[in-house]
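Asker:
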Amino acid sequence: LNLLRKMEKSHIKAGVVIYNAIVDRLCKDGLHNNAQNIFGEMHEKGIFPNVFTYNCMIDGYCNYGKWSDAELILRDMIERNIDPDVVTYSALISALIKEGEFLRAEELY
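Okay, so the sequence shown: first residue is 1 according to the UniProt record's numbering, each after it adds one.
#1: G100 to K13, Cα distance in whole Å?
#2: Could you give the first and the last residue of the continuous alpha helix (DSSP H) run that contains N63?
#3: In or out: A39 buried (at least 16 other Cβ within 10 Å) or exposed?
#4: Identify which residue in N81, M77, R80 and A70 has its Cα closest to the Cα of A95.
#5: F48 by DSSP, collapsed to three states: which one?
#6: Could you tell me if M7 is buried or exposed, where buried requires 16 or more neighbouring beta carbons within 10 angstroms of its beta carbon?
#7: What's the call for N81, buried or exposed, on a 16-neighbour Cβ count within 10 Å?
#8: Looking only at its chain, what residues have a beta carbon closer than 8 Å to the beta carbon of Y54, apart from the 5 residues adjacent to it on each side?
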(Lines of atoms letter the chains of each structure in order from A; the text may use other names.)
(Lines give C-alpha, C1' and ligand atoms only; values in the text may rest on other atoms or scores of the structure.)
Protein backbone atom coordinates (compact mmCIF):
# COMPACT_ATOMS: atom_id res chain seq x y z
CA LEU A 1 0.00 0.00 0.00
CA ASN A 2 2.87 2.34 0.71
CA LEU A 3 4.11 2.00 -2.86
CA LEU A 4 0.67 2.85 -4.21
CA ARG A 5 0.43 5.96 -2.04
CA LYS A 6 3.95 7.06 -3.03
CA MET A 7 3.02 6.66 -6.68
CA GLU A 8 -0.07 8.80 -6.14
CA LYS A 9 1.97 11.54 -4.43
CA SER A 10 4.34 11.53 -7.39
CA HIS A 11 1.37 11.78 -9.78
CA ILE A 12 2.13 8.36 -11.23
CA LYS A 13 -1.08 6.59 -12.11
CA ALA A 14 -1.14 2.94 -11.08
CA GLY A 15 -2.79 0.60 -13.54
CA VAL A 16 -4.63 -2.65 -13.15
CA VAL A 17 -1.40 -4.67 -12.89
CA ILE A 18 -0.18 -2.72 -9.84
CA TYR A 19 -3.60 -2.88 -8.22
CA ASN A 20 -3.81 -6.62 -8.91
CA ALA A 21 -0.47 -7.20 -7.21
CA ILE A 22 -1.63 -5.27 -4.15
CA VAL A 23 -5.02 -6.98 -3.97
CA ASP A 24 -3.39 -10.39 -4.40
CA ARG A 25 -0.90 -9.80 -1.58
CA LEU A 26 -3.54 -8.42 0.78
CA CYS A 27 -5.82 -11.39 0.10
CA LYS A 28 -3.02 -13.90 0.64
CA ASP A 29 -2.20 -12.19 3.94
CA GLY A 30 -5.84 -12.41 5.03
CA LEU A 31 -6.28 -8.63 4.98
CA HIS A 32 -9.66 -8.82 3.29
CA ASN A 33 -10.97 -5.44 4.46
CA ASN A 34 -7.92 -3.72 3.01
CA ALA A 35 -8.23 -5.73 -0.20
CA GLN A 36 -11.90 -4.80 -0.46
CA ASN A 37 -11.04 -1.12 0.05
CA ILE A 38 -8.42 -1.24 -2.71
CA PHE A 39 -10.88 -3.14 -4.92
CA GLY A 40 -13.43 -0.36 -4.37
CA GLU A 41 -10.78 2.29 -4.99
CA MET A 42 -10.11 0.74 -8.38
CA HIS A 43 -13.74 1.25 -9.38
CA GLU A 44 -13.72 4.83 -8.06
CA LYS A 45 -10.62 5.69 -10.09
CA GLY A 46 -11.92 4.11 -13.28
CA ILE A 47 -9.44 1.25 -13.15
CA PHE A 48 -11.44 -1.76 -14.15
CA PRO A 49 -10.75 -5.00 -12.31
CA ASN A 50 -10.20 -7.96 -14.60
CA VAL A 51 -10.67 -11.69 -14.14
CA PHE A 52 -7.36 -11.89 -12.25
CA THR A 53 -8.50 -9.21 -9.78
CA TYR A 54 -11.77 -11.00 -9.14
CA ASN A 55 -10.01 -14.35 -8.80
CA CYS A 56 -7.65 -12.91 -6.18
CA MET A 57 -10.60 -11.62 -4.18
CA ILE A 58 -12.60 -14.85 -4.52
CA ASP A 59 -9.64 -17.08 -3.72
CA GLY A 60 -8.69 -14.90 -0.77
CA TYR A 61 -12.15 -15.15 0.74
CA CYS A 62 -12.42 -18.87 0.00
CA ASN A 63 -9.07 -19.63 1.63
CA TYR A 64 -10.31 -18.06 4.84
CA GLY A 65 -13.73 -19.74 4.79
CA LYS A 66 -15.60 -16.59 3.82
CA TRP A 67 -17.84 -18.21 1.25
CA SER A 68 -20.61 -15.59 1.42
CA ASP A 69 -18.11 -12.81 0.65
CA ALA A 70 -16.69 -14.84 -2.23
CA GLU A 71 -20.21 -15.32 -3.56
CA LEU A 72 -20.84 -11.56 -3.49
CA ILE A 73 -17.65 -10.96 -5.47
CA LEU A 74 -18.72 -13.64 -7.98
CA ARG A 75 -22.09 -11.92 -8.44
CA ASP A 76 -20.38 -8.57 -8.96
CA MET A 77 -18.05 -10.19 -11.48
CA ILE A 78 -20.95 -11.61 -13.48
CA GLU A 79 -22.96 -8.36 -13.28
CA ARG A 80 -19.98 -6.52 -14.77
CA ASN A 81 -19.82 -9.04 -17.64
CA ILE A 82 -16.50 -10.53 -16.60
CA ASP A 83 -16.57 -14.22 -17.36
CA PRO A 84 -15.43 -16.51 -14.53
CA ASP A 85 -12.70 -18.91 -15.63
CA VAL A 86 -11.38 -22.27 -14.46
CA VAL A 87 -9.46 -20.58 -11.63
CA THR A 88 -12.64 -18.90 -10.40
CA TYR A 89 -14.61 -22.11 -10.36
CA SER A 90 -11.78 -24.15 -8.84
CA ALA A 91 -11.53 -21.76 -5.88
CA LEU A 92 -15.29 -21.74 -5.35
CA ILE A 93 -15.75 -25.49 -5.69
CA SER A 94 -12.84 -26.23 -3.35
CA ALA A 95 -14.24 -23.83 -0.75
CA LEU A 96 -17.70 -25.35 -0.96
CA ILE A 97 -16.35 -28.87 -0.58
CA LYS A 98 -14.38 -27.79 2.51
CA GLU A 99 -17.62 -26.38 3.93
CA GLY A 100 -19.42 -29.66 3.21
CA GLU A 101 -21.61 -27.97 0.61
CA PHE A 102 -21.36 -30.79 -1.90
CA LEU A 103 -24.63 -30.06 -3.71
CA ARG A 104 -23.73 -26.40 -4.20
CA ALA A 105 -20.28 -27.44 -5.44
CA GLU A 106 -21.90 -29.81 -7.90
CA GLU A 107 -24.23 -27.03 -9.11
CA LEU A 108 -21.21 -24.88 -9.96
CA TYR A 109 -19.57 -27.78 -11.76
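Idealized CB from N, CA, C, for every residue including glycine.
Answerer: The answer reads as follows:
#1: Looking at the two C-alpha atoms, the distance is approximately 43 Å.
#2: Per DSSP, the unbroken alpha helix (DSSP H) holding N63 starts and ends at V51 to N63.
#3: The residue asked about is misnamed: residue 39 is Phe in this sequence, not Ala. Answer is buried; the Cβ neighbour count reaches 16.
#4: A95 has its Cα closest to that of A70, out of N81, M77, R80 and A70.
#5: If DSSP states are grouped into helix, strand and coil, F48 belongs with coil.
#6: The residue is exposed, with fewer than 16 neighbouring Cβ atoms inside 10 Å.
#7: Within 10 angstroms of the beta-carbon of N81 lie fewer than 16 other beta-carbons, which makes it exposed.
#8: Residues of the same chain with a CB within less than 8 Å of the CB of Y54, apart from the 5 flanking positions on each side, are I73, L74, D76, M77, I82, P84 and T88 in chain order.
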